[in-house]
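**Q** Here it is: the structure, laid out below.
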Amino acid sequence: MKKKILILSLSLMMISFNSFTSKADIINDQESDSNELEFSESNEEDRNSSDLEISSDENSDKSTDELEINDENKIEDKSGEVSKLEISGLREDLTRAQKAVQDITPYNDDEKEMLDKYNQAVVELNDQIDKIEQNQSRPEGAVGGSQILDVQTIPTRIQLLIRIGRAIRFGTTELSNKVVAAHTKLAEYVTTGILYTLNPFASSSQIMDYINQWDALEQELLQYPDLQPQDIATIYKKASVSRQLADARRVMNENRRFKGFSIKYLEEPIRQTSAMLWRITVTCGELDEQVEKLNKAVEKITGPKVRASNIEFMEGDKGYIQIDKKTKIRPVIRPEEVKNKDYILYSSNSYIARVSGDEIIPLKTGNVNIIAVSKDSGVKKAFNLQIVGPGEVLENLPQLDSSGDNNIDLSEFYK
Numbered sequence: 001m002k003k004k005i006l007i008l009s010l011s012l013m014m015i016s017f018n019s020f021t022s023k024a025d026i027i028n029d030q031e032s033d034s035n036e037l038e039f040s041e042s043n044e045e046d047r048n049s050s051d052l053e054i055s056s057d058e059n060s061d062k063s064t065d066e067l068e069i070n071d072e073n074k075i076e077d078k079s080g081e082v083s084k085l086e087i088s089g090l091r092e093d094l095t096r097a098q099k100a101v102q103d104i105t106p107y108n109d110d111e112k113e114m115l116d117k118y119n120q121a122v123v124e125l126n127d128q129i130d131k132i133e134q135n136q137s138r139p140e141g142a143v144g145g146s147q148i149l150d151v152q153t154i155p156t157r158i159q160l161l162i163r164i165g166r167a168i169r170f171g172t173t174e175l176s177n178k179v180v181a182a183h184t185k186l187a188e189y190v191t192t193g194i195l196y197t198l199n200p201f202a203s204s205s206q207i208m209d210y211i212n213q214w215d216a217l218e219q220e221l222l223q224y225p226d227l228q229p230q231d232i233a234t235i236y237k238k239a240s241v242s243r244q245l246a247d248a249r250r251v252m253n254e255n256r257r258f259k260g261f262s263i264k265y266l267e268e269p270i271r272q273t274s275a276m277l278w279r280i281t282v283t284c285g286e287l288d289e290q291v292e293k294l295n296k297a298v299e300k301i302t303g304p305k306v307r308a309s310n311i312e313f314m315e316g317d318k319g320y321i322q323i324d325k326k327t328k329i330r331p332v333i334r335p336e337e338v339k340n341k342d343y344i345l346y347s348s349n350s351y352i353a354r355v356s357g358d359e360i361i362p363l364k365t366g367n368v369n370i371i372a373v374s375k376d377s378g379v380k381k382a383f384n385l386q387i388v389g390p391g392e393v394l395e396n397l398p399q400l401d402s403s404g405d406n407n408i409d410l411s412e413f414y415k
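Note that full-length UniProt numbering has the sequence shown beginning at 1, numbered continuously upward.
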């Protein structure tokens with residue numbers, strides 16, 4: 001029998017993860033936020049909240065205090081069902097989740113808080129995977145570690161983290177010139193998503209439902225009004241300028257040791273941009289004009305900056321794979337001159353297929369888009385994937401190469 005849990009789920013989660021606290025007020029009014037903005041010329045502190053080693057890739061109308069539990073969602077110790085190979089895969093996926101935001105430097109308190117909570121969620125999930133591994137290897141009858149999360153939901157929780165990482169990056173790039181209300185809505189999605197990630201009562205289906213809300217929310221956020229030149233610059237606008245300022249400082253520091261380089265080309269525009277960021281009443285138009293001067297000074301040294309404008313797939317734009325096989329697609333960032341060719345892959349429907357690193361894992365037969373997003377500019381491209389039954393062949397679509405067998409229950413195909 002389904003029971004509504006309002007305060008209980010959040011209370012339990014606060015006990016289980018006593019270091020994790022949700023955000024009470026995500027956004028204050030624009031002017032007070034600007035007063036609190038802090039800028040540093042050396043914002044290089046380690047943002048990760050643990051020693052978790054990194055090696056190398058929706059807005060909900062139902063919050064976590066409305067999650068339902070039933071007999072299917074009861075937490076059981078299923079650690080014996082997870083192989084060492086699967087545990088290794090979970091660790092790799094979690095590493096990729098953290099790498100999804102590792103290169104994002106926060107330039108205001110809101111960005112820092114979201115990234116801190118994200119990294120803390122990674123640590124908590126890593127701790128749970130450790131306990132699963134310990135319980136799996138313990139002698140029969142021995143007391144195991146305190147495992148809180150259902151083993152079977154861990155892969156879905158990691159998928160949600162990766163999607164949240166995409167949302168955070170979206171807020172620091174495509175959304176930087178939008179009004180504050182857009183950032184408020186984005187922060188709600190991120191904060192609630194992290195609560196879902198750590199809530200022991202959240203089932204895989206509930207988490208997947210939340211994952212699949214992102215694409216619609218992304219389009220909704222893009223419809224919010226842009227900041228106008230006469231508007232006072234928001235903390236998010238200033239954070240975007242701070243990132244460009246950091247790039248300019250990096251160029252200056254990298255070139256100052258070369259003979260013939262004159263520091264004056266960059267020193268003055270950097271100083272003027274930095275001073276402008278401290279002005280509480282600086283307008284968006286003033287910042288845009290100054291950033292244009294700064295970028296021109298940088299380009300005198302580096303040449304024009306080429307941004308990613310398109311993504312292609314080496315496999316074409318569509319194909320199919322049997323459900324009992326895993327597969328991969330290979331995005332290519334265009335034009336060739338783009339320096340940052342990193343990208344993020346995710347599934348448009350996590351019920352049909354999920355993405356683990358650069359590998360696509362079918363879950364059900366059906367049609368799904370696998371979306372590649374450039375880290376350089378945020379440009380996106382979808383690959384349309386058809387998942388068919390074991391041994392099935394489609395004449396009108398190219399078959400993708402298999403990257404390995406898919407460990408999935410196929411009994412429904414052999415009744």
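Cβ coordinates follow ideal geometry from the N, Cα and C atoms, glycine included.
Using 9 Å as the threshold, is the C-beta distance between arginine 169 and tyrosine 346 below it?
**A** The answer is no: Cβ separation not under 9 Å.
**Q** Would you decide whether glutamate 111 is buried or exposed? Buried here means 16 or more other CB atoms lie within 10 Å of its CB.
**A** Flag for glutamate 111 reads buried.
**Q** Note down, one range per segment and in chain order, each alpha helix (DSSP H) of at least 4 residues found wholly within the segment 120-196.
**A** Counting whole runs of 4 or more residues, the segment 120-196 contains the alpha helix (DSSP H) stretches 154-172.
**Q** With arginine 334 and asparagine 310 assumed to form a contact (beta carbons below 8 Å), what rounded beta-carbon distance in angstroms separates them?
**A** Right, the Cβ-Cβ distance comes to about 4 Å (below 8 Å), so this counts as a contact.
**Q** Where do the N-terminal and C-terminal ends of the beta strand (DSSP E) with tyrosine 343 fall, by residue?
**A** Residues 343-347.
**Q** Please name the residue, chosen from Pro106, Val393 and Ile148, that lies closest to valine 241 on a Cα-to-Cα basis.
**A** Looking at the Cα atoms, Pro106 is the closest of the given residues.
**Q** Taking valine 291 as part of the alpha helix (DSSP H), name the residues at either end of that continuous run.
**A** Counting along the chain, the alpha helix (DSSP H) containing valine 291 begins and ends at 284-302.
**Q** Taking CB distances under 9 Å as the criterion, tell me whether leucine 115 reaches chain B.
**A** In the structure shown, chain B cannot be found, because there is only a single protein chain.
**Q** Pairs of beta-carbons, one from the segment 306-324 and one from the segment 249-268, closer than 8 Å: are there three or more?
**A** Contact fails: fewer than three Cβ-Cβ distances are below 8 Å.
**Q** Are the CB atoms of glutamine 213 and glycine 285 nearer to each other than 9 Å?
**A** No; because the gap between Cβ atoms is not below 9 Å, this pair is not in contact.
**Q** On the criterion of 16 or more Cβ atoms from any shown chain inside 10 Å, does leucine 294 qualify as buried, or is it exposed?
**A** Result: buried.
**Q** Kindly indicate which residue of Glu299, Gly391 and Met114 has the alpha-carbon position closest to the one of glutamine 244.
**A** Glutamine 244 has its Cα closest to that of Glu299, out of Glu299, Gly391 and Met114.
**Q** Can the beta-carbon of tyrosine 189 be found less than 9 Å from the beta-carbon of leucine 227?
**A** No.
**Q** Can you say whether valine 180 is buried or exposed, counting buried as having 16 or more other CB atoms within 10 angstroms of its CB?
**A** With 16 or more other Cβ atoms within 10 Å, it is buried.
**Q** For asparagine 384, which residues does DSSP report across the bridge?
**A** Bridge partners of asparagine 384: Lys318 and Asn369.
**Q** Restricting to runs no shorter than 3 residues, where is the beta strand (DSSP E) found entirely within the segment 251-286?
**A** DSSP runs (the beta strand (DSSP E)) wholly in the segment 251-286: none.
**Q** Answer with buried or exposed for glycine 193, where buried requires no fewer than 16 other C-beta atoms within 10 angstroms of its C-beta.
**A** Classification of glycine 193: buried, given that the 10 Å Cβ count is 16 or more.
**Q** Going by DSSP, what residues sit across from glycine 404 in a beta bridge?
**A** Looking at the DSSP assignment, glycine 404 forms a beta bridge with Lys326.
**Q** Would you kindly report the start and end of the unbroken alpha helix (DSSP H) that includes alanine 216?
**A** Its alpha helix (DSSP H) spans residues 214-222.
**Q** In or out: phenylalanine 258 buried (at least 16 other Cβ within 10 Å) or exposed?
**A** Counting Cβ neighbours within 10 Å, phenylalanine 258 comes out exposed, since fewer than 16 surround it.
**Q** Have a look at serine 137 and asparagine 406 and give me their C-alpha separation to the nearest angstrom.
**A** Cα-Cα distance, rounded: 25 Å.
**Q** Going by C-alpha distance, which of Val291, Pro390 and Ser176 is nearest proline 362?
**A** Here the closest residue by C-alpha is Pro390.
**Q** Between arginine 271 and the rest of its own chain, which residues show a CB-CB distance below 8 Å, the 5 nearest in sequence each way excluded?
**A** Within the same chain, arginine 271 has no close Cβ partners at all.
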